[in-house]
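K.L.:
Numbering (the working numbering), first residue to last: 4 to 316.
All C-beta atoms, glycine included, are put in the ideal place defined by N, C-alpha and C.
1) Is the CB-CB distance between residue 263 and residue 181 below 8 Å?
2) Are at least three pairs of beta-carbons, each pair with one atom in the segment 218-234 and one in the segment 190-210, less than 8 Å apart?
3) Could you have a look at residue 100 and say whether DSSP puts it in helix, strand or coil?
4) Suppose contacts are defined by Cβ-Cβ distances below 8 Å. Is residue 199 in contact with residue 179 by that definition?
5) For residue 211 versus residue 46, is the C-beta distance shorter than 8 Å?
6) Which parts of the segment 17-98 are runs of the alpha helix (DSSP H), unbroken and 4 residues or longer, counting only runs that do not cross its ends?
7) Do you know offhand how far residue 215's Cα is from residue 134's?
8) Alpha carbon to alpha carbon, how far is residue 63 from residue 139?
9) In the DSSP output, what is residue 220 paired with across the bridge?
10) DSSP three-state call for residue 297: helix, strand or coil?
11) Which whole-angstrom value describes the C-beta separation of residue 82 and residue 70, a residue pair presumed to lie in contact below a C-beta threshold of 8 Å?
12) In terms of residue numbering, what span does the beta strand (DSSP E) encompassing residue 109 cover?
13) Per the contact definition of three or more C-beta pairs closer than 8 Å, is the segment 248-259 in contact with the segment 290-310?
14) Quick one: what does DSSP say residue 255 is sitting in, helix, strand or coil?
15) Suppose the cutoff is 7 Å on Cβ atoms and the five residues either side in sequence are ignored; what does the same chain contact list for residue 56 look like?
16) Give every residue of the same chain whose Cβ lies closer than 8 Å to the Cβ of residue 237, excluding the five residues on either side of it in the sequence, and list them in chain order.
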């Protein structure tokens, strides 16, 4: 199956170009030098490295402006408690800063040293889930993990065929119903996107979590499933998953809801590419791959997290 409507995407302004424009305008407004900015990642956020020790995140999600104040507050709260997390640049006030409908935040750059391991991720998530839920921060409850995918299907009709929209809508509703039947433990503080790429190893050897955009209160299984899904779709090995489970202290594969949660995670991983397909060449390439494997019921087709390289300007 192919996506026939994506040929129209060439008329859209590329997300990377828009992000550079927003970056320069915001930095100029607050007196920060954007010269030599390097685009590090373009998915749910356009992430730029500035000269010195700052990273700028420009959100593409439609609910970013309402969500980011909580993200900033949680990162500060965890940092004050000594939890290993990235920190906002608090010298820049009034964050998130809005320009052209985009929400922009500034974070301390972490100088990394090597690739973190799933063992380190398991330890960090174990410690996160032992933290209390902060009562002073209005955290959202994770009651509908496919809400953003549903929104993308409803509002990005130009990148989907009528068949794809119908199939996705029916499948999302089926999985949402099954989500509500899952028997999980007490809710915990969730990172929300606890993938190995969101763990950084500092030069002192410690590992810290970044990208708190999905922070919420909900079942711990939502944070755990990312690593297992990484073996299913993104190239992690069985040994990586075993090490993660050992470090965390329990194995999600032993939980009765495991198969359902993996299917939900599969569907969740399509939403960003539906949303970005008009303006991001990689999403236009990756979306057909993911939709094809889902509609064929292929639970092990390889998916990709990013294009081979991101441009530097």
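P.N.:
The relevant details are as follows:
1) Yes.
2) With the cut-off at 8 Å, the segment 218-234 and the segment 190-210 touch.
3) Collapsing the DSSP output to three states places residue 100 in a strand.
4) No. Outside cutoff.
5) For residue 211 and residue 46, no; Cβs fall outside 8 Å.
6) You should have 18-33 and 67-83.
7) It is roughly 15 Å from the alpha-carbon of residue 215 to the alpha-carbon of residue 134.
8) The alpha-carbon atoms of residue 63 and residue 139 are separated by roughly 27 Å.
9) Note: residue 220 sits in a beta bridge opposite 144 and 192.
10) Residue state, collapsed to three classes: helix.
11) In fact, because the Cβ distance is near 19 Å, the residues do not count as touching under 8 Å.
12) It spans 105-111 - the beta strand (DSSP E) in which residue 109 sits, taken as one unbroken run.
13) Segments in contact, no.
14) Annotated three-state conformation of residue 255 is helix, per DSSP.
15) For residue 56, where only same-chain residues beyond five positions count, the Cβ hits under 7 Å are 111 and 112.
16) Annotation for residue 237: 305, 306, 307 and 308 place their beta carbon closer than 8 Å to its own, counting only its chain and skipping 5 residues before and after.
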